[in-house]
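Counting from 14, one number per residue, gives the positions in the sequence shown under the numbering used here.
Think of the CB as a built atom: it goes at the ideal place given N, C-alpha and C, for glycine as much as any other residue.
Predicted, not measured: the structure shown is a model, and the values here were computed from it.
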Amino acid sequence: AESADQELSSGISPGPLHGVPLLHKDMFYRTGKISACGSKICEDYVPDVTATVLLKLDQAGALDIGRLKMVEFAYGLTGHNEITGDVRNPWNPEYIPGGSSSGPAAAVAGFLSYGSLGSDTGGSIRFPASCCGLVGMKPTYGRVSRFGAMPLSFSLDHIGPLTRTVADCALLTQIIAGKDTNDSTSYYQPKPDFLSGIESGIQGLKIGVPTTYGNGPSGFLDPLHPEVQREMESSLAVFRSLGAKVVEIPLPENFEISNNMANIIAGAESSSAHVKWLKEQPEDYGSQTRERLLTGLLFSAVDYLDALKLRKVILEDFLKEVFEKVDVLHAPVVPIPVPTLEESNIKANPGFIEYLILLGHFTRPFDYLGLPALSVPAGLTDNGLPSGFQLVAPPFEEALLFRTARAFEKENPWSYPQVTLD
């Protein structure tokens with residue numbers, strides 16, 4: 014902070030985040046600082062590199078003041094952590110904040126930070142954003158460098174911000190996006206000004222609402238709870254009032270397997286990264302994380318390679334059958350009202366895998382396809398907790414998502430509960 018003041022008094026041009034203090038998920042490395050990644054295993058790990066996204070925030074003038082709790086090794090959607098303790102939802106401390114970016118969501122919703130960086134491998138930015146009433150961006154795969162961030166599943170990992178407003182989210186995404194020679198998966202893709210045109214409105218925009226998989230009997234929205242469905246319909250009514258055209262659209266038939274394919278990739282890649290620790294110190298994992306990683310070892314090389322090969326086919330079909338007909342897709346984020354800490358604390362008990370698959374039903378497929386997706390607060394379910402929708406766009410169309418979300422935000426302004434600290 015003193016350095017920021019000195020730069021300002023010396024006439025140095027301030028960056029867009031000059032002097033803004035930020036807290037981030039405890040998985041972004043800074044040279045010489047411990048990054049525990051929500052675990053016992055890495056509780057003393059001191060990296061010798063600094064994450065590219067942190068360096069970009071430094072250059073923009075932000076102050077990196079600390080790290081926040083997260084799900085152990087970012088492998089879970091509830092926010093529970095058997096090692097470091099659970100994070101609570103600022104809206105009601107008896108409820109989960111969502112995960113795995115649990116600390117970032119709680120801190121931003123509780124006004125402890127202007128914004129925060131999180132990661133999204135199966136929904137870990139969008140899910141907690143929805144649970145805590147935040148805006149959360151999962152950019153296009155390759156839009157943001159992952160160098161210096163703890164890897165979970167390198168084919169699915171995305172880095173993005175959680176904020177209280179659409180404009181703040183656009184600004185942070187603008188700052189951290191761009192090619193990085195230290196990350197071979199990042200793209201030399203022109204980066205538009207995400208804030209330019211954000212107030213342009215959405216008159217005539219075509220918003221798709223997913224229905225069935227092809228002509229089959231089952232649909233993408235089948236697991237949706239009635240209370241969440243109510244908020245989804247309410248948000249669509251707002252979009253119609255703003256001049257958008259809402260269109261029901263079937264999804265490609267092969268999209269139905271996206272969840273399973275993502276689970277195979279995440280399981281195989283995360284287990285590969287942890288196999289040494291699983292052999293040498295399995296007792297240092299929380300029960301749920303350990304069981305998920307051990308399950309990942311059961312996938313065959315054929316399963317894994319097939320899941321990777323099918324991604325290109327499913328993505329091509331999705332772009333043709335969806336985004337040649339609509340501009341953005343509207344979908345839920347969390348299929349059920351935010352659960353309490355008690356009812357979701359299933360650890361590795363029977364049925365925990367099925368429960369986690371349900372929670373990530375709407376988010377995981379878009380990590381698999383690498384499409385940009387933005388979680389936006391919609392309303393409150395009967396328990397008084399937030400419920401959000403996500404907007405999904407073709408690759409590298411983040412600016413369109415911000416413009417669409419901003420139009421909704423102006424018509425449906427959001428407020429946060431007053432948080433009292435005991």
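Taking the Cα positions, I215 is about 15 Å away from V179. Distance between T376 and Q19, taken at the CA atoms: about 44 Å. Secondary structure of G401 (DSSP, three-state): strand.
Under the three-state reduction of DSSP output, T91 falls in the coil class, being neither helix nor strand. Taking each of A162, P363, L30, L237 in turn and checking the Cα distance to V351, the smallest one comes out for L237. DSSP places V389 inside the beta strand (DSSP E), whose first and last residues are 386-393. A344: member of the beta strand (DSSP E) spanning 341-345, first to last residue. In this structure, H287 is the residue among E304, I359, H287 with its C-alpha nearest to the C-alpha of C55.
In the pairwise beta carbon analysis, the segment 137-148 is classified as touching the segment 393-407: at least three pairs are separated by under 8 Å. V59 carries a coil assignment under DSSP once its states are collapsed to helix, strand and coil.
A residue is called buried once 16 or more other Cβ atoms fall within 10 Å of its Cβ, and L169 is buried on that count.
L323 sits in a helix when the DSSP states are folded into three classes. Taking 3 residues as the shortest admissible run, the segment 260-346 contains the following complete beta strand (DSSP E) segments, listed from N- to C-terminal end: 341-345. M150 sits in a strand when the DSSP states are folded into three classes. At the C-beta level, S114 and I138 come within 8 Å of one another. For T186, the three-state secondary structure derived from DSSP is helix. By the neighbour-count definition (other C-beta atoms within 10 Å, threshold 16), S132 is a buried residue. In its chain, beyond the 5 residues on either side, G92, H93, L354 have a beta carbon closer than 7 Å to the beta carbon of D99.
If you draw a straight line from the Cα of K289 to the Cα of A281, it comes to about 14 Å. With fewer than 16 other beta carbons inside 10 angstroms of its own, V59 counts as exposed. With respect to L384, T153 sits close: the two C-beta atoms are nearer than 8 Å.
DSSP lists D77 as the bridge partner or partners of L35.
For S357, the uninterrupted alpha helix (DSSP H) run begins and ends at 354-357, by DSSP. Nearest to P205 by alpha-carbon distance, out of T63, E411, I109, is E411. Under DSSP, V100 forms no beta bridge with any residue. For S197, the number of other beta carbons within 10 angstroms of its own is below 16, and it is reported as exposed.
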